[in-house]
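**Student:** When we follow this note's numbering, the leftmost residue of the sequence shown carries the number 10, and every step to the right adds one. We put the beta carbon where it would ideally sit given N, CA and C, even for glycine.
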Amino acid sequence: MTMADMRDESYNGWTNYETWAISLMLNNERFTYESMRDFMKRWGDRENPYTEWIRFVGISKHRVGANYADRFTFATPKANRAELDEMMREIQ
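(1) Among the residues of its own chain, which have a CB less than 7 Å from the CB of S44, if the five just before and after it don't count?
(2) Following the continuous alpha helix (DSSP H) through K50, name the residue where it begins and the one where it ends.
(3) For the alpha helix (DSSP H) that contains S32, what are its first and last residues?
(4) Look up R1 in the DSSP assignment and say whether it is helix, strand or coil.
(5) Cα separation between N21 and R51?
(6) So, is E56 buried or exposed, given that buried needs 16 or more other C-beta atoms within 10 angstroms?
(7) Using only the alpha-carbon positions, how far apart do Q101 and K70 sit?
(8) Do you know how far the Cα of T24 is from the Cα of E40?
(9) Assuming M49 contacts M97 (C-beta within less than 8 Å), just tell me the rounded distance between them.
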């Protein structure tokens, strides 16, 4: 095993920085959290809750971390959608 194989690619337990930052931002804002919770009550077990929620509330093109130089949108392809879907399912 090489050092590259041993390197931890995760970020605070999430796949990467983008996934962690999105989760942190969504879970630390009361109105946003309640919006996700209400959405999930209606969404149930259907596929892709994160992707559908960001479209539903109209934030897919909004920037995460407006105060940071490395800003990205909520729809960034770098974010792990499966992890964000799971985060939303746990809100129910």
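**Tutor:** Short version:
(1) As a position in the sequence shown, residue 44 is number 35, starting the count at 1. Excluding residues within five positions, the ones whose Cβ falls inside 7 Å are V66.
(2) If you number the sequence shown from 1, residue 50 lands on position 41. Counting along the chain, the alpha helix (DSSP H) containing K50 begins and ends at 39 to 52.
(3) On the sequence shown, position 23 is the one that residue 32 refers to. Residues 26 to 36.
(4) The requested residue 1 is not part of the displayed model; the chain covers only 10 to 101.
(5) In the sequence shown, residue 21 corresponds to position 12, counting from 1. In the sequence shown, residue 51 corresponds to position 42, counting from 1. Distance between the alpha carbons of N21 and R51 is about 30 Å.
(6) Here residue 56 refers to the residue found at position 47 when the sequence shown is read from its first residue. So E56 counts as exposed.
(7) For this step, residue 101 is matched to residue 92 along the sequence shown. For this step, residue 70 is matched to residue 61 along the sequence shown. Roughly 25 Å separates the two Cα atoms.
(8) Within the sequence shown, residue 40 is the residue found at index 31, counting from 1. Within the sequence shown, residue 24 is the residue found at index 15, counting from 1. First, the residue type needs correcting, since residue 40 is Phe and not Glu in the sequence shown. When rounded, the distance between both Cα atoms is 25 Å.
(9) For the purposes of this step, residue 49 is taken as residue 40 along the sequence shown, with counting starting at 1. For the purposes of this step, residue 97 is taken as residue 88 along the sequence shown, with counting starting at 1. In this structure M49 is in contact with M97, their Cβ atoms being roughly 6 Å apart against a cut-off of 8 Å.
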